[in-house]
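Data block below; observations after.
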Amino acid sequence: MTQLQARGVVRAYGPTPALRGVTLDVAEGEIVAVTGPSGCGKSTLLHCLAGILRPDAGEVTWRGHRIDTWSEAARSRLRRTEFGVLFQFGQLVAELTAAENVALPLLLAGTGRREARTAALTWLERFGVADLADLRPGEMSGGQQQRCATARALVTEPWVLFADEPTGALDTLTGEQVLTQLVRLAREQRTAVVLVTHEPRIAAYADREIVLRDGLVDHTGLGLDVPLAGGSR
Amino acid sequence: MRPATLVRLALAGNRTDTARVVLTALSALLASLAGMAALTVLAIQTPAGEAWAESEQYRNELLREPGLRGGTAFALLMLAVPVLALAGQCARLGAPARDRRLAALRLAGATPGQVTRLAVLETGLASLLGTLAGLGVYLVGRQLLHRPDERGRLALPTDVLPSTGALVAVVLGLPVLAAAATALMLRTVTTSPLGVSRRTVRERGPRPWAGLLIGLGLASFVAVRPVAYRFDGNDAVLGWLVPLLFLAGGLAAMIGVVIGTGWISHTCGRLLHRHARGASALLAAGRLLADPWAGSRTFAALLAAVIFGAGAAVQRAYFATQDQVEREQSRLAGVAADINPFYLSTMDLVDAAVAVAMLIAAGGLIVALVEGIVARRRAYAALVATGVPRATLSGSVAWQALTPAVPAILLALTVGTMLGRGLFPSVSTGGSSTVVCDATAALCDDPATRDQYTRIVQIAEAERAIPVPLEQLAWLGAGALAAVLVTVGVGLLFLRVSTAADELRTA
Amino acid sequence: MGRVSTPHVLLGLLAGGSRHGYELKRAHDQRLPRARPLAFGQVYATLGRLERDGLVATAGQDRASGPDRTTYALTGDGRATLDQWLSTVEPPMPYVASTLFAKVVVALLVADVERARSYLVAQRAAHTARLRELTAVKADPAATLSDVVAADFAIAHLDADLRWLHTTLGRVADWHREVHP
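Chains as they are written, first to last, in the working numbering: chain R, 845 to 1077; chain P, 2 to 508; chain S, 119 to 299.
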């Protein structure tokens, strides 16, 4: 059952076109990788799908609702409760502890502090970083921060998790560990994942790959035009 | 390091750095002007003869009477304090970027001493430029404003010059103070070339230096009267001792309040953290706990203005009470009162000065808060992207600004009032006697008949405590709170602009 | 015979037209530097075998003047063999490297656009699918340390293959833009 759909999504930043008509589907519980060379519009596509940005043209549909027509407040609530968002870095609040960071979406949804803290600790436990619960992000390593950020993205048990280069700032082994945990927990909850990356290794964790080139979906997967043949003799 | 290199490195910077330098120079100019004005007033000589003889060459009673001059000098000096606080705040403009630059220099091999010298050079030079310009303005102003009226009296004390030593002290002392303050603030950067990337949280919070400093300030002010009496007549000593007591006391009290605000911010953070229900309160609590000093720096200038205003309110109450006592005494004795309504009208001048100081302070508040928001826009944008509503962020900014503001303003009001009361403990009028003639003017003027109708009336001594001017203080506090609210409003506007999704692009 | 599939490379080099034996050797070394340079003997031995198999034919000078001066040309069979080779996807096992290298070079520099594109698309898809398989092997809770280590090895090489492929495509595209503006 298709959950998330994009039809002809167009989005520009001022005069620069980022997306020129992208169409794709994401099914429930599916893990999709969006790849392509830098500047091809992957992050913009993610932002449009997650409701962070409104496309200039085209449709984004989630479970039958045209979320691209929703107000900012409605989309914000969507991101809070039904979606989870994960970035490369900089998304944890530096002044709060790990447990408070993970509890934040629950607090925003109206959960009491005690309950929220319990849930947060459970999720930190699942990622193996429960002992960091009362530390601030500045006191943790990059990998630990990303685990906490992933816990925060999954704490509301969202339908879709949007991850933009989540392992970009991590070394190979740490990135692999974080991603493995992410994929395992997402599958357990049947959360769909849209994973933006430029690395083939990371894309290999997905069920399916969508290659973008110059703001469009490239079905060849090469990300480039094949140049004319016949080199000089 | 060669001096040329030092200057070159010190001058390196962007628009924010230039703004900082200019504002530092301006503040130094204003502060030095205030100091020099105060010194001038104090330098007015009492004519030889009675201890309380008036200096006739001035039109304004504030300058004529020796008793009032002290108060005027105090007022002028206290006006310097909010300017100094503003200067301290502007010195923090663009400080994170500058600290990162200095940390990078440290990594490249500069010693802590060299790096400190760089920053100190920038601040010191800027302040020196400001004070020198202030001196210039002062000297030129003296010539321009020297306008005796038809009776040869002057509106301003443009015929007196403070001692050269005092002037030099102001012109050189302020830059030295600024340099020392900069060196102190740079401690964290110079000790570690990594800057402040990873830092363990000081759960202790600020320590109670605040109370000590406030106590010192109070003691200093309380000591002014006894000292003046003790050295009465010894103008040489009084010339520097009294201003020193005022300056030292005022500064100590102000710094004490600022540090106290740091403690207040931290404690508010802790309380908020424990009892916070919603996300905005929690975010605000985290911010207050993580950086309580940001709270105190933001308020520094405003609190200085509030202290000044509270002291002025007490002074006004002093004059009002004195007025009242004299009226009562005269009425009891059946004599027409010889009241001079002048005191109260000059207090209006002082109130105007307080209003100006608060305006300066509000400007400083806006600068500090907006800079904080803009510097953290990446983090805010990421939060909005993950679904935190803008309303929550706005709420957290409001909590974070207002929660420590209320107790801090109350503290400043209290300290200012106590300073004022230290200076003016109570109204006491000495006893006096007047000769009263009960008949018509004709009979009184005639020496032959006068004696029948005259009697001597004793006006008894009276001492009365000054009531606390609660109404005035309430207005002052409300004004300060309004300034904070306006600042929060402006900050929220900037927050809206700063959280556009464009901030997320890492390219 | 060297690891690089010499007969196919020679067939590829002849696809654009007939060449002298000496030119073939030079073209081979030029196109595939760092591959072990062919000794003259090897070229002519390979050419001989190709001719015997009916994949190339001599033309021009007669054989008597020596293989150097002889002109060789692709036959119909030769063209068919070349096509078939280019259409076959290299199974993405760890040591694809050299054959992949030869095939991509020939595809880009010799074949027509459609042929090259379909080959490259298919090859990339095969690599990606294999990568996915191996990643799943690692995530399997029943995987032993040796399984994971072996999978890592294969993944690293396949990743390298893919990166090289993409980079080469980019370079050739740039070069083409320069030469054919």
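In this text, a Cβ means the ideal position worked out from N, Cα and C, and glycines have one as well. On a predicted model such as this, the values are computed, not experimentally measured, just so you know.
(message) Whole angstroms are fine: how far does the CA of P/T124 sit from the CA of R/T1018?
(response) Here residue 1018 of chain R corresponds to residue number 174 of the first sequence, with the count starting at 1. Here residue 124 of chain P corresponds to residue number 123 of the second sequence, with the count starting at 1. Inter-residue distance for R/T1018 and P/T124 is about 45 Å (C-alpha atoms, whole angstroms).
(message) Checking the sheet assignment: what are the DSSP bridge partners for R/F927?
(response) In the first sequence, the residue the question calls residue 927 of chain R occupies position 83. DSSP, once it has assigned bridges, lists R/V1004 as partnering R/F927.
(request) Please confirm whether P/G364 and R/V929 have their CB atoms less than 8 Å apart. (result) The residue you call residue 364 of chain P lines up with position 363 of the second sequence. The residue you call residue 929 of chain R lines up with position 85 of the first sequence. No, Cβ-Cβ distance for P/G364 and R/V929 is not below 8 Å.
(request) Following the continuous beta strand (DSSP E) through P/W400, name the residue where it begins and the one where it ends. (result) Locating residue 400 of chain P in the second sequence gives position 399, counting from the first residue. First-last for P/W400: R391 to L424, but that is the alpha helix (DSSP H), not the beta strand (DSSP E).
(request) Give every residue of the same chain whose Cβ lies closer than 6 Å to the Cβ of R/V1055, excluding the five residues on either side of it in the sequence, and list them in chain order. (result) Here residue 1055 of chain R refers to the residue found at position 211 of the first sequence. So the list reads T879, G880, D1062, G1065 and G1067, once near-sequence residues are dropped.
(request) Return no unless some Cβ of chain S is closer than 8 Å to the Cβ of R/G982. (result) In the first sequence, residue 982 of chain R corresponds to position 138, counting from 1. No, no contact with chain S.
(request) Could you name the residues of chain A that R/A917 contacts, counting a contact when the two beta carbons are closer than 8 Å? (result) In the structure shown, chain A does not exist; the protein chains are R, P and S.
(request) Give the secondary structure of R/S882 by DSSP, where H, G and I count as helix, E and B as strand, and everything else as coil. (result) The residue labelled residue 882 of chain R in the question sits at position 38 within the first sequence. Under the three-state reduction of DSSP output, R/S882 falls in the coil class, being neither helix nor strand.
(message) So R/F931 contacts chain P; which residues on that side make the cut at Cβ distance below 7 Å?
(response) Residue numbering aside, residue 931 of chain R sits at position 87 when the first sequence is read from its first letter. Correct list: A383.
(message) By the three-class DSSP mapping on this structure, what secondary structure does S/L192 have?
(response) For the purposes of this step, residue 192 of chain S is identified with residue 74 of the third sequence, where counting begins at 1. Shown here, S/L192 sits in a strand according to DSSP, grouped into three states.
(message) 8 Å is my cut-off, CB to CB: does R/E939 come that close to chain P?
(response) Counting from one through the first sequence, the residue named residue 939 of chain R turns up at place 95. R/E939 has a beta carbon lying within less than 8 Å of a beta carbon in chain P.
(request) Kindly indicate which residue of R/L1029, R/A1048 and R/L1060 has the alpha-carbon position closest to the one of R/G873. (result) Position 29 of the first sequence, counted from the first residue, corresponds to residue 873 of chain R. The candidate whose alpha carbon is nearest that of R/G873 is R/L1029.
(request) Answer with buried or exposed for P/V498, where buried requires no fewer than 16 other C-beta atoms within 10 angstroms of its C-beta. (result) Counting from 1 along the second sequence, the entry for residue 498 of chain P is found at position 497. The residue is exposed, with fewer than 16 neighbouring Cβ atoms inside 10 Å.
(request) Would you list the one or two residues that DSSP bridges to P/E329? (result) Within the second sequence, residue 329 of chain P is the residue found at index 328, counting from 1. Per DSSP, none; premise fails for P/E329.
(message) Considering just the uninterrupted stretch of the alpha helix (DSSP H) at R/V973, what are its terminal residues?
(response) As a first step, residue 973 of chain R must be located in the first sequence, where it is residue number 129. No alpha helix (DSSP H) holds R/V973; DSSP gives it neither H nor E.
(request) Go through the segment 1023-1058 of chain R residue by residue and report every complete run of the alpha helix (DSSP H) that reaches 4 residues or more, in order. (result) For the segment 1023-1058 of chain R, whole alpha helix (DSSP H) runs of length 4 or above, ordered along the chain, are 1044-1047.
(request) Quick one: list the residues of chain R neighbouring S/D277, beta-carbon separation under 7 Å, in chain order. (result) Counting from one through the third sequence, the residue named residue 277 of chain S turns up at place 159. Contact annotation for S/D277 against chain R: P1044 and R1045 [CB-CB distance below 7 Å, chain order].
(message) When you compare the CB of R/E1053 with every CB in chain S, is at least one pair closer than 8 Å?
(response) As a working mapping, residue 1053 of chain R is identified with position 209 in the first sequence. Yes - at least one Cβ of chain S is within 8 Å of the one on R/E1053.
(message) Please state whether the Cβ-Cβ distance between P/V315 and P/R465 is less than 8 Å.
(response) Counting from 1 along the second sequence, the entry for residue 315 of chain P is found at position 314. Counting from 1 along the second sequence, the entry for residue 465 of chain P is found at position 464. It is not a contact, given that the beta carbons lie outside the stated cut-off.
(message) Against chain R, with Cβ distances strictly below 8 Å, would S/T285 count as a contact?
(response) Residue numbering aside, residue 285 of chain S sits at position 167 when the third sequence is read from its first letter. Any Cβ of chain R closer than 8 Å to the Cβ of S/T285 would place that residue at the interface, and such an atom is absent.
(request) State the start and end residues of the unbroken beta strand (DSSP E) segment that holds R/P861. (result) Reading the first sequence from its first residue, position 17 is the one you call residue 861 of chain R. DSSP places R/P861 inside the beta strand (DSSP E), whose first and last residues are T860 to A871.
(message) Please confirm whether P/T387 has its beta-carbon closer than 8 Å to some beta-carbon of chain R.
(response) Taking the first residue of the second sequence as position 1, residue 387 of chain P is located at position 386. Output row for P/T387: interface = yes.
(message) Below 8 Å on C-beta distance, what does P/W393 contact in chain R?
(response) Taking the first residue of the second sequence as 1, we reach residue 393 of chain P at position 392. Reading off the sequence, residue 393 of chain P comes out as Thr, not Trp. Under the 8 Å cutoff, chain R gives L952.
(request) Please determine if the segment 978-987 of chain R and the segment 999-1018 of chain R are in contact, where contact requires at least 3 C-beta pairs separated by less than 8 Å. (result) Contact between the segment 978-987 of chain R and the segment 999-1018 of chain R is present, because at least three Cβ pairs lie under 8 Å.
(message) Applying the 10 Å Cβ sphere with the 16-neighbour rule, what's the burial state of R/T966?
(response) In the first sequence, the residue the question calls residue 966 of chain R occupies position 122. Here R/T966 is exposed. Its C-beta has fewer than 16 other C-beta atoms within 10 Å.
(request) For S/R242, return the contacting residues in chain R, with the cut-off set at a CB-CB distance below 7 Å. (result) Reading the third sequence from its first residue, position 124 is the one you call residue 242 of chain S. Within chain R, the residues placing a beta-carbon under 7 Å from that of S/R242 are G1065 and L1066, ordered along the chain.
(message) Assess contact between the segment 879-895 of chain R and the segment 957-971 of chain R, defined as three or more Cβ pairs (one per stretch) separated by less than 8 Å. Is contact present?
(response) No: fewer than three Cβ pairs fall under 8 Å.
(message) Could you check whether S/T253 and R/Y1049 sit closer than 8 Å to each other, using their CB atoms as the reference points?
(response) As a working note, residue 1049 of chain R is residue 205 in the first sequence. As a working note, residue 253 of chain S is residue 135 in the third sequence. Cβ atoms of R/Y1049 and S/T253: closer than 8 Å.
(request) Using DSSP bridges, identify the partner residues of R/Y857. (result) Indexing the first sequence from 1 puts residue 857 of chain R at position 13. DSSP, once it has assigned bridges, lists R/T860 as partnering R/Y857.
(request) Quick one: measure Cβ to Cβ for P/A392 and R/I896, integer angstroms, because I've assumed they're closer than 8 Å. (result) Position 391 of the second sequence, counted from the first residue, corresponds to residue 392 of chain P. Position 52 of the first sequence, counted from the first residue, corresponds to residue 896 of chain R. Not confirmed; about 17 Å, so no contact.
(message) So, with DSSP's three-state summary, where would you put R/V904?
(response) One-based indexing of the first sequence puts residue 904 of chain R at position 60. In the structure shown, R/V904 sits in a strand (DSSP, three-state: E or B).
(request) In the DSSP assignment, find the unbroken alpha helix (DSSP H) run with P/V171 in it and report its ends. (result) Along the second sequence, one-based indexing puts residue 171 of chain P at 170. Run containing P/V171: T165 to M186, per the alpha helix (DSSP H) assignment.
(request) Could you please give me the residues that DSSP links to S/A177 through a beta bridge? (result) As a first step, residue 177 of chain S is located in the third sequence; it is residue number 59 there, counting from the start. Bridge partners of S/A177: S/T189.
(request) Evaluate P/Q323 with the Cβ neighbour count: other Cβ atoms within 10 Å of its Cβ, from every protein chain shown; 16 or more gives buried, anything less gives exposed. (result) Indexing the second sequence from 1 puts residue 323 of chain P at position 322. Buried: at least 16 other Cβ atoms inside 10 Å.
(request) Give a yes or no on contact between the segment 928-945 of chain R and the segment 396-416 of chain P, applying the rule of three or more CB pairs nearer than 8 Å. (result) Not touching, per the Cβ criterion.
(request) Report yes if the CB atom of P/A32 is closer than 8 Å to the CB atom of P/A88, and no otherwise. (result) Stepping through the second sequence from its first residue, residue 32 of chain P is reached at position 31. Stepping through the second sequence from its first residue, residue 88 of chain P is reached at position 87. P/A32 is a Cβ neighbour of P/A88, given a cutoff of 8 Å.
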